[in-house]
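Novice:
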Amino acid sequence: MTRNYSIDFFKCLAIFGVVCIHTHTFRDTAVPFGNGETWAFIIDTLARFSVPFFFAASGYLFAMKLERTEDTFAYFKRYTGKLIGLLAAWFTFYWIYDLIKIITTSAGTMSEQKAALTAYLQDTFQWRTLLDGISYTQYQLWFMFALIFSIIIIYAAYRLHLLKLTLLAGLLLNLIGLMGQSYGPLFHVTMEETTRNGIYFGLFYTALGACFGLYEKQLVQAMQNIKARTVGMLAVSGFALHLIERFILHYNMDLPQGEYLISTIPLTVLLLLFTLKTRNIGKHRYVGIVAKNVVGIYLIHTLWRSILDQALDQSPFIHTFAWGLLYAPILYGLSLVTYMLLQYVKAKLSSPVVPRQAKTNRALRPSNTFAK
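Read in order, the letters of the sequence shown correspond to residues 1 to 372 in UniProt numbering.
#1: Under a Cβ-count criterion, where at least 16 other Cβ atoms within 10 Å of its own Cβ denotes burial, should Val345 be classed as buried or exposed?
#2: Can at least three beta-carbon pairs, one atom from the stretch 239-249 and one from the stretch 84-104, be found at a separation below 8 Å?
#3: Measure from the alpha carbon of Phe9 to the alpha carbon of each residue in Ile43, Thr320 and Phe54, then state which is nearest.
#4: Compute the Euclidean distance between the alpha carbons of Leu214 and Asp28, then round it to the nearest angstrom.
#5: Using only CA atoms, which one of Ala207, Tyr136 and Gly202 lies nearest to Thr166?
#6: Below 8 Å on the Cβ atoms is my contact criterion, and I expect Thr195 with Phe201 to pass it. Report the Cβ-Cβ distance as a whole number of Å.
#7: Taking the alpha helix (DSSP H) that Pro316 falls in, what are its first and last residues?
#8: Excluding the 5 residues flanking Arg3 on each side, which residues of the same chain have their C-beta closer than 7 Å to its C-beta?
#9: To the nearest angstrom, how far is the alpha carbon of Arg48 from that of Ile102?
#10: Starting from the Cα of Phe16, find the closest Cα among Ser237, Asp309, Ile297 and Tyr155 and give me that residue.
#11: Taking buried to mean at least 16 other C-beta atoms within 10 Å of its own C-beta, is Glu193 buried or exposed?
#12: Does the stretch 224-240 come close enough to the stretch 68-86 to have 3 or more Cβ pairs within less than 8 Å?
#13: List the whole-angstrom C-beta distance separating Leu272 from Gly209, where the pair is believed to meet the contact cut-off of C-beta under 8 Å.
#14: Have a look at Asp123 and Ile134 and give me their C-alpha separation to the nearest angstrom.
#15: Between the stretch 314-324 and the stretch 283-293, do at least 3 Cβ pairs fall closer than 8 Å?
#16: Got a sec? Which residues, its chain only, sit under 6 Å from Val220 by beta carbon, not counting five neighbours each side?
#17: Do we get a CB-CB distance below 8 Å when we pair Leu276 with the residues of chain D?
#18: Among the candidates Leu325, Met144 and Thr23, whose CA atom is the shortest distance from the CA of Thr80?
#19: Span of the alpha helix (DSSP H) holding residue 374?
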């Protein structure tokens, strides 16, 4: 199969969606039409496709690569090693950043400052950190923990030819995990810990993407007589269904705003089908550049959010419509440029320095004149 450029396109949209979610676009700003809370809810809900799509895209690309690779274990080690390396580096960076932040900004008595520091250390060094990450500036790193966990399970399932069974198990866990989202109070079920992790969330969507990668030819053939426009309209309907479900649960039934819903499943399936049907949407230089650096934007954007929020904490500008429009794009751009600069510096530092050879004195250089 040819390269699926549409995956890149939706990855670019998805990372912007993540930034919009984390900046709470329009939540506390004055808007010229409607109110900020309503627009924030709509944007947040529509952007909720992002993380499931990231899991699915990762599973899709991982399975595609396994199918084309002879030594699958070597690729698995290289891929997971890269993920673990990224997680370890950024977890350490953010841990030090937050530690400094707590020490320098903590108010109150010495005992209260000590309590804040103790709580931070306790939050870090517990077994659930490996599942959920920790909720400080590095809260977004839960995705990396979940993806590594999911990829390990997917690879084992691939080697044992149990990928379909893993998808079904992941679906069951995902439905159970919904009790820890909007649906818990509806069924009088309480789950103390978050279900937004690799077990209840990441595994299913990564397995879903892996099945799309493994059975891509069959899926493309099955959709031969279906127009791309039809699949696209169904995907748009998926977004509408997602918005309606979340609106009813939150505003009509007074339930908490879940991070994923039942309708997230058909929405993700339809988006994947759309990328298979229209493979060249993202065939553009800019899309390729951003798609290549999506992980960097994801890792860095919370740092810039922390810096900007502290710098503009008392500014009335953050409550204006202009800031509501600009905040997410600024964060997106800063994160992209920062990560690209880091990659450039890393490449320069890792490339071997070849010493320049001294120029030979032209007067001493042997002449080829006599050879003519």
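The C-beta atom is built at its ideal place from N, Cα and C for all residues, glycine as well.
Specialist: Inspection of the coordinates gives the following:
#1: Here the question's residue 345 lines up with position 345 in the sequence shown. So Val345 ends up on the exposed side.
#2: no
#3: Numbered from 1 along the sequence shown, position 9 holds the residue referred to as residue 9. Considering only alpha carbons, the answer is Phe54.
#4: As a working note, residue 214 is residue 214 in the sequence shown. As a working note, residue 28 is residue 28 in the sequence shown. Put simply, the backbone Cα of Leu214 is about 45 Å away from that of Asp28.
#5: Against the sequence shown, residue 166 aligns to sequence position 166. Taking only the C-alpha atoms, the option nearest Thr166 is Ala207.
#6: Counting from 1 along the sequence shown, the entry for residue 195 is found at position 195. Counting from 1 along the sequence shown, the entry for residue 201 is found at position 201. Yes, Thr195 and Phe201 are in contact; Cβ-Cβ is about 7 Å, under 8 Å.
#7: Looking up residue 316 in the sequence shown gives position 316. Per DSSP, Pro316 belongs to no alpha helix (DSSP H) and is neither H nor E.
#8: Locating residue 3 in the sequence shown gives position 3, where the first residue counts as 1. Within the same chain, Arg3 has no close Cβ partners at all.
#9: Residue mapping note: residue 48 aligns to position 48 of the sequence shown, counting from 1. Residue mapping note: residue 102 aligns to position 102 of the sequence shown, counting from 1. So the alpha carbons of these two residues sit roughly 31 Å apart.
#10: The residue labelled residue 16 in the question sits at position 16 within the sequence shown. Cα-wise, what sits closest to Phe16 is Ile297.
#11: By one-based count along the sequence shown, residue 193 stands at place 193. Counting Cβ neighbours within 10 Å, Glu193 comes out exposed, since fewer than 16 surround it.
#12: no
#13: Against the sequence shown, residue 272 aligns to sequence position 272. Against the sequence shown, residue 209 aligns to sequence position 209. 7 Å between Cβ atoms; contact.
#14: Within the sequence shown, the letter at position 123 stands for residue 123. Within the sequence shown, the letter at position 134 stands for residue 134. Taking the straight line from one Cα to the other gives about 7 Å.
#15: no
#16: Translated into the one-based positions of the sequence shown, residue 220 becomes position 220. So the qualifying residues of the chain are Leu276.
#17: Annotation note: the requested chain D is absent from the structure, which comprises a single protein chain.
#18: Position 80 of the sequence shown, counting from 1, holds the residue named residue 80. Among Leu325, Met144 and Thr23, the Cα nearest to that of Thr80 belongs to Met144.
#19: The chain is shown only over 1 to 372; residue 374 falls outside these bounds and no answer can be derived.
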